[in-house]
Amino acid sequence: MPEMDFWNSRYLEKNTGWDLGRVSPPFVHLVESGKIAPYSTVLIPGAGRGWEAIYLGRMGFGVTCVDFAPEAIAAARLQSEKEGVKVTFIQEDLFLLDPEKHGVFDYLLEQTCFCAIDPDRRADYVRMAVRMIRPGGELVGLFYVHGREGGPPWTTTAEEVRGLFKRDFDFLEFAITEHSVESRRGEEILARLRRRP
Ligand SMILES: C[S@@+](CC[C@H](N)C(=O)[O-])C[C@H]1O[C@@H](n2cnc3c(N)ncnc32)[C@H](O)[C@@H]1O
C-alpha cells in the first residue's frame, strides 16, 4: 500500500519533523481544564509514536492507538512499555476501522492525522469519526490551518471543517488555540465537536 509505505519509511529514515516528542500542549490544557470526562475511552487515529496516547493513558483514560505504519506502532508500544502505561494498539488503516470489531469510543482525538491524509479522503475521515464515536461523544482535536501550498501536512480552513462536520456534529468549541507549540502558533484550530445522537 503506497501511503503506508510512504509513512513507514518516514519513521525508518527518522524523517519525522511533525513529531513533537511529547504530548501537544493544547491537549494538556484541555484535560487540565476538565473538559474531557475522566476515565473515558479515547481513539487516536494516525497516532504515530503515541505521545498523546501515553499522556492520556497515564491520566487514566482507556486509550486505543491506530496507525497503519508498523514502525510507528512499534515505537509507541516500546515507549508505553518503558513508561509503564497501558495503551491498546491497532495496526490498521483508519478508513477500515469498524465499530463491531474495534468498539465505539467516548472521544476521538485528532492530532496531525487529518492533515496527513489525502485531502480527497476528508469526507471518508468524517464517516470514520461518525462510525467510531458514540452518539453524544466528542471529536477533540487540532486542525492545521497553515495556509501553505502542498503537503503533507495539507492545510485546511475553518470553513472546510465546518462544512464537513456540521451535519453530524455540534460545534462546542472551534477557535485558534493559544496553547500551540511555537512552530504552529496561530495555525491550529482547537475543536470540540459533539456527535449528534
Ligand atoms: C503526520 S503523522 C502524525 C503522527 C502523530 N499524530 C503525531 O502527531 O506525532 C501522520 C500519521 O498518520 C498515519 N496515517 C496516515 N494515514 C493513515 C491511515 N490511512 N491509516 C492509519 N494511519 C495513517 C501515519 O502513519 C503517521 O503516523
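Those letters in the sequence shown? Residues 20 to 216, by my numbering. The beta carbon of each residue, even a glycine, is placed where N, CA and C say it ideally should be.
Is the CB-CB distance between V159 and E129 below 9 angstroms?
As a position in the sequence shown, residue 159 is number 140, starting the count at 1. As a position in the sequence shown, residue 129 is number 110, starting the count at 1. In this structure, E129 lies closer than 9 angstroms to V159 by Cβ.
Please give the ranges of any beta strand (DSSP E) in the segment 84–142, keeping only runs that are unbroken, at least 3 residues long and fully inside the region.
For the segment 84–142, whole beta strand (DSSP E) runs of length 3 or above, ordered along the chain, are 107–110 and 124–130.
Please work out which residues of its chain come closer than 8 angstroms, Cβ to Cβ, to C84, disregarding the five sequence neighbours upstream and downstream, and give them in chain order.
Here residue 84 corresponds to residue number 65 of the sequence shown, with the count starting at 1. Result list for C84: I63, A66, G69, A72, I92, A95, V106, T107, F108 and I109, in chain order.
First and last residue of the alpha helix (DSSP H) that includes P154?
Position 135 of the sequence shown, counting from 1, holds the residue named residue 154. Counting along the chain, P154 falls outside any alpha helix (DSSP H), though it belongs to the beta strand (DSSP E) covering I152 to Y163.
Taking 8 angstroms as the line, does the beta carbon of N34 fall inside it for any heavy atom of ligand 1?
Residue mapping note: residue 34 aligns to position 15 of the sequence shown, counting from 1. Not so, every heavy atom of ligand 1 lies at least 8 angstroms from the Cβ.
Who pairs with L39 in a beta bridge, going by DSSP?
Taking the sequence shown and counting its residues from 1, one reaches residue 39 at position 20. BP columns for L39 are empty, so no partner.
To the nearest angstrom, how far is it from the Cα of E111 to the Cα of F87?
As a first step, residue 111 must be located in the sequence shown, where it is residue number 92. As a first step, residue 87 must be located in the sequence shown, where it is residue number 68. Roughly 5 angstroms separates the two Cα atoms.
Mind checking which residues open and close the alpha helix (DSSP H) that includes A219?
What is shown of the chain runs 20 to 216, which leaves residue 219 out entirely.
Taking 8 angstroms as the cut-off, is the CB of S43 close to at least one heavy atom of ligand 1?
Within the sequence shown, residue 43 is the residue found at index 24, counting from 1. It does: the Cβ of S43 is within 8 angstroms (strictly closer) of some heavy atom of ligand 1.
Could you have a look at P57 and say whether DSSP puts it in helix, strand or coil?
As a working note, residue 57 is residue 38 in the sequence shown. Three-state DSSP puts P57 in coil, outside helix and strand.
Quick check on L31: buried or exposed, where buried means 16 or more other Cβ atoms within 10 Å of its Cβ?
Start at 1 with the first residue of the sequence shown, and residue 31 comes out as number 12. It is exposed - the Cβ of L31 has fewer than 16 other Cβ atoms within 10 Å.
Have a look at E157, K120 and Y74 and flag the residue whose alpha-carbon is nearest the alpha-carbon of G103.
Here residue 103 corresponds to residue number 84 of the sequence shown, with the count starting at 1. Measuring from the Cα of G103, the nearest candidate turns out to be Y74.
Beta carbon of E179, beta carbon of R141: below 9 angstroms?
In the sequence shown, the residue the question calls residue 179 occupies position 160. In the sequence shown, the residue the question calls residue 141 occupies position 122. Their beta carbons are under 9 angstroms apart, which means E179 touches R141 by this criterion.
Excluding the five sequence neighbours on either side, which residues of its own chain have a C-beta within less than 8 angstroms of the C-beta of V145, listed in chain order?
Your numbering for residue 145 matches position 126 in the sequence shown. These residues qualify, in order along the chain: L183, F184 and D187.
Where Q98 and T60 are concerned, what is the direct C-alpha to C-alpha distance, given to the nearest angstrom?
Counting from one through the sequence shown, the residue named residue 98 turns up at place 79. Counting from one through the sequence shown, the residue named residue 60 turns up at place 41. One C-alpha to the other measures close to 20 angstroms.
So for V82, helix, strand or coil by DSSP?
For the purposes of this step, residue 82 is taken as residue 63 along the sequence shown, with counting starting at 1. Looking at V82 - three-state DSSP - the assignment turns out to be strand.
What is the residue span of the alpha helix (DSSP H) that A210 lies within?
Here residue 210 refers to the residue found at position 191 of the sequence shown. Taken as a continuous stretch (DSSP letters only), A210 belongs to no alpha helix (DSSP H), being part of the beta strand (DSSP E) at E207 to R214.
Cβ of T107 within 8 angstroms of any heavy atom in ligand 1?
Walking along the sequence shown from the start, residue 107 turns up at place 88. No, the beta carbon of T107 sits no closer than 8 angstroms to any heavy atom of ligand 1.
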